[in-house]
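Worksheet for the structure shown next.
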Amino acid sequence: MEGTYTENGKSSRTRSTRQREQADLFNIPGFTVQTGPRMPRARRANLEGLKISNSHVLPPPPTRAIVRTKLKFLFKKQLQKSDVNSLRRMVLPKKEAETHLPVLESKEGIIIDMMDMDGTHEWCFKFRFWPNNSSRMYVLEYTGEFVSTHSLIAGDYVLIYRDDERETYVIEAVKAGDLEMREIFDGIDFSLPILDVMGMSIDYDPSFLDDSPLDYQGETMADFDGLGSGSSLVGDNDNFPADHNLG
DNA sequence: CTAGCATGCACCCAA
DNA sequence: TGGGTGCATGCTAGA
Numbered sequence: 001m002e003g004t005y006t007e008n009g010k011s012s013r014t015r016s017t018r019q020r021e022q023a024d025l026f027n028i029p030g031f032t033v034q035t036g037p038r039m040p041r042a043r044r045a046n047l048e049g050l051k052i053s054n055s056h057v058l059p060p061p062p063t064r065a066i067v068r069t070k071l072k073f074l075f076k077k078q079l080q081k082s083d084v085n086s087l088r089r090m091v092l093p094k095k096e097a098e099t100h101l102p103v104l105e106s107k108e109g110i111i112i113d114m115m116d117m118d119g120t121h122e123w124c125f126k127f128r129f130w131p132n133n134s135s136r137m138y139v140l141e142y143t144g145e146f147v148s149t150h151s152l153i154a155g156d157y158v159l160i161y162r163d164d165e166r167e168t169y170v171i172e173a174v175k176a177g178d179l180e181m182r183e184i185f186d187g188i189d190f191s192l193p194i195l196d197v198m199g200m201s202i203d204y205d206p207s208f209l210d211d212s213p214l215d216y217q218g219e220t221m222a223d224f225d226g227l228g229s230g231s232s233l234v235g236d237n238d239n240f241p242a243d244h245n246l247g
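No gaps in the numbering here: position 38 of the first sequence is 38 in UniProt numbering, and each next residue is one more.
Right under this line is the structure:
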C-alpha cells in the first residue's frame, strides 16, 4: 500500500503544493490535499452513452483508397513501450495535441474518428486528457486494436494528418525503419515544425508503399459510405484551432 | 525550477 | 479476482 509520497528531492515544490495547484487549475470539487493514503477515486465514468463499440473500430468497409487526397501532416508520435502495451492507450505530445486536435473542455474528452491510411479501417478513438501536476497529459484511448493490426512496437511511429475536405483525421502507422524512407520518397521532413510542412500541402499518394496490402484503384475516400456527414468527429469544426482551416 | 511525459500502481468493476 | 482505468510518481530536458 502506497501511503506516503516520496519526494525525489529534485523539486522544491511539495506534492501537496503541486496537487493544490492542480486542483485549483481544474476546479476539482471537494478536493483536499492528500497527506496520507490516496483519496478514494470517484466512480468510474459510464462510457455507455458514448456508444463505443467493443473493439472501438468500425466494421471494415470495402477496400478503398486514399489517393491524391489533400492531407495536411499534423504531427508524428514515436511510440513508447507504454503506448503499445496492453493498456491500449497512447500518450500524445501536449503541444501538438493542443495545437492540432480539438480543444478539450473537460477531461472526459471526446470520441474522434480517424481514417486509417491503409484504407481498410476507420478507428474510433477517445481523445482526452488527464490532469497532471499543474498541466494536462493528453492520451488517445482504445488504440490497442490499431497497434495490433499494424504490429506496432516501441520505436515505431504514428502520423496524424488532417483531411480538410472531408473534415476528418487520418492516422498512419509507420514502422521505425520506414520513416526515413517516407521522408526520402515524399520529400517531407517529419521533424519540421508543422507550419513548414503544412505549407507544402501534401499530395499524398501512398500507393508506392510496398507493405500495403491494398489495391489502390483510384478511388477516393469520398467513395466510402459512412465517411460523409455521419462521420462522428465529436467536437466539430468549431473546436478546431484556426490553423486547421488553412488551404 | 518547471513542464512534459513515460510509466507505476491503487482502485474499481465485471465476470 | 483479474483486467482496465485514472491518477500519481519520477525522470529528463530545457528555460
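The beta carbon of each residue, even a glycine, is placed where N, CA and C say it ideally should be.
With distances taken between CB atoms, is the gap from K77 to V158 smaller than 8 Å? Counted from its first residue, the first sequence places residue 77 at position 77. Counted from its first residue, the first sequence places residue 158 at position 158. Contact flag set, yes.
Measure the alpha-carbon distance for G177 versus M117 and round it to whole angstroms. Taking the first residue of the first sequence as position 1, residue 177 is located at position 177. Taking the first residue of the first sequence as position 1, residue 117 is located at position 117. So the two alpha carbons sit approximately 18 Å from each other.
Is R89 near the ligand GTP, going by C-beta to nearest heavy atom under 7 Å? With respect to small molecules bound, the structure shown includes none, and the ligand GTP cannot be examined in it.
If I measure Cβ to Cβ from R136 and keep anything under 6 Å in the same chain, skipping five residues before and after, which residues do I get? For this step, residue 136 is matched to residue 136 along the first sequence. Excluding sequence positions up to five before and after R136, its CB lies within less than 6 Å of the CB of F129, all in the same chain and listed in chain order.
Quick check: what's the CA-CA separation for T63 versus H121? The residue you call residue 63 lines up with position 63 of the first sequence. The residue you call residue 121 lines up with position 121 of the first sequence. With a pLDDT of 48 at T63, under the threshold of 50, the modelled position of that residue is not reliable, and the figure given next carries that caveat. Roughly 9 Å separates the two Cα atoms.
Taking the alpha helix (DSSP H) that A97 falls in, what are its first and last residues? As a first step, residue 97 must be located in the first sequence, where it is residue number 97. In this chain, the alpha helix (DSSP H) harbouring A97 covers K94 to H100.
Going by alpha carbons, who is nearest to K107 out of E167, L140, S82 and G119? Position 107 of the first sequence holds residue 107. Among E167, L140, S82 and G119, the Cα nearest to that of K107 belongs to L140.
Can you say whether I153 is buried or exposed, counting buried as having 16 or more other CB atoms within 10 angstroms of its CB? Here residue 153 refers to the residue found at position 153 of the first sequence. I153 is classed as exposed because its beta carbon has fewer than 16 other beta carbons within 10 Å across all chains shown.
Compute the beta-carbon to beta-carbon distance between E96 and L74, rounded to the nearest angstrom, for a pair I have assumed lies under 8 Å. Against the first sequence, residue 96 aligns to sequence position 96. Against the first sequence, residue 74 aligns to sequence position 74. Contact flag correct, Cβ pair sits at about 7 Å.
Of the residues R166, L71, V170 and D83, the one placed nearest V147, counting alpha carbons only: Here residue 147 refers to the residue found at position 147 when the first sequence is read from its first residue. It is D83.
Reference R89; option with closest CA among W123, G144 and M114: As a working note, residue 89 is residue 89 in the first sequence. In terms of CA proximity to R89, G144 leads the group W123, G144 and M114.
Please report the straight-line C-alpha distance between I112 and I171, rounded to a whole angstrom. The residue labelled residue 112 in the question sits at position 112 within the first sequence. The residue labelled residue 171 in the question sits at position 171 within the first sequence. Roughly 11 Å between the two C-alpha positions.
Terminal residues of the beta strand (DSSP E) in which S135 lies: In the first sequence, residue 135 corresponds to position 135, counting from 1. Looking at the DSSP string, the run of the beta strand (DSSP E) that includes S135 is S135 to E141.
Outcome for G155 when other beta-carbon atoms lying within 10 angstroms are tallied against a minimum of 16: Translated into the one-based positions of the first sequence, residue 155 becomes position 155. With fewer than 16 other Cβ atoms inside 10 Å of its own Cβ, G155 counts as exposed.
Identify, in the order they occur along the chain, each residue of the same chain with its Cβ nearer than 8 Å to the Cβ of S86, setting aside the five sequence neighbours on each side. Residue 86 sits at position 86 when you count from the first residue of the first sequence. Only G144 meet the Cβ criterion.
Residue nearest to L79 in terms of C-alpha spacing, selected from I160, L101 and E105: In the first sequence, the residue the question calls residue 79 occupies position 79. Out of I160, L101 and E105, I160 has the C-alpha closest to the C-alpha of L79.
Boundaries of the alpha helix (DSSP H) in which V147 is found, first to last residue: Counted from its first residue, the first sequence places residue 147 at position 147. Counting along the chain, the alpha helix (DSSP H) containing V147 begins and ends at G144 to T149.
I need the straight-line Cα distance from K94 to F127, nearest angstrom please. Within the first sequence, numbered from 1, the residue matching residue 94 stands at position 94. Within the first sequence, numbered from 1, the residue matching residue 127 stands at position 127. When rounded, the separation of the alpha-carbon atoms in K94 and F127 is 12 Å.
To the nearest angstrom, how far is it from the Cα of G119 to the Cα of E105? Position 119 of the first sequence, counted from the first residue, corresponds to residue 119. Position 105 of the first sequence, counted from the first residue, corresponds to residue 105. G119 and E105 have their C-alpha atoms roughly 31 Å apart.
Opposing strand residues paired with K77 [DSSP bridges]: In the first sequence, the residue the question calls residue 77 occupies position 77. In DSSP, K77 forms a bridge with V158.
Go through its chain and collect everything with a Cβ distance to L101's Cβ below 7 Å, but skip five positions before and after it. Counted from its first residue, the first sequence places residue 101 at position 101. Taking C-beta separations shorter than 7 Å and ignoring five residues to either side along the sequence, the partners of L101 in its chain run F127, following chain order.
Helix, strand or coil for V84? Go by DSSP, reduced to three states. Along the first sequence, read from residue 1 onward, the residue named residue 84 stands at position 84. In this structure, V84 counts as helix in the three-state DSSP scheme.
Helix, strand or coil, according to DSSP, for D163 in the structure here? Looking up residue 163 in the first sequence gives position 163. Strand, per DSSP.
With H, G and I counted as helix, E and B as strand and the rest as coil, what does DSSP make of D118? Taking the first sequence and counting its residues from 1, one reaches residue 118 at position 118. In the displayed model, D118 falls within coil according to three-state DSSP, outside both helix and strand.
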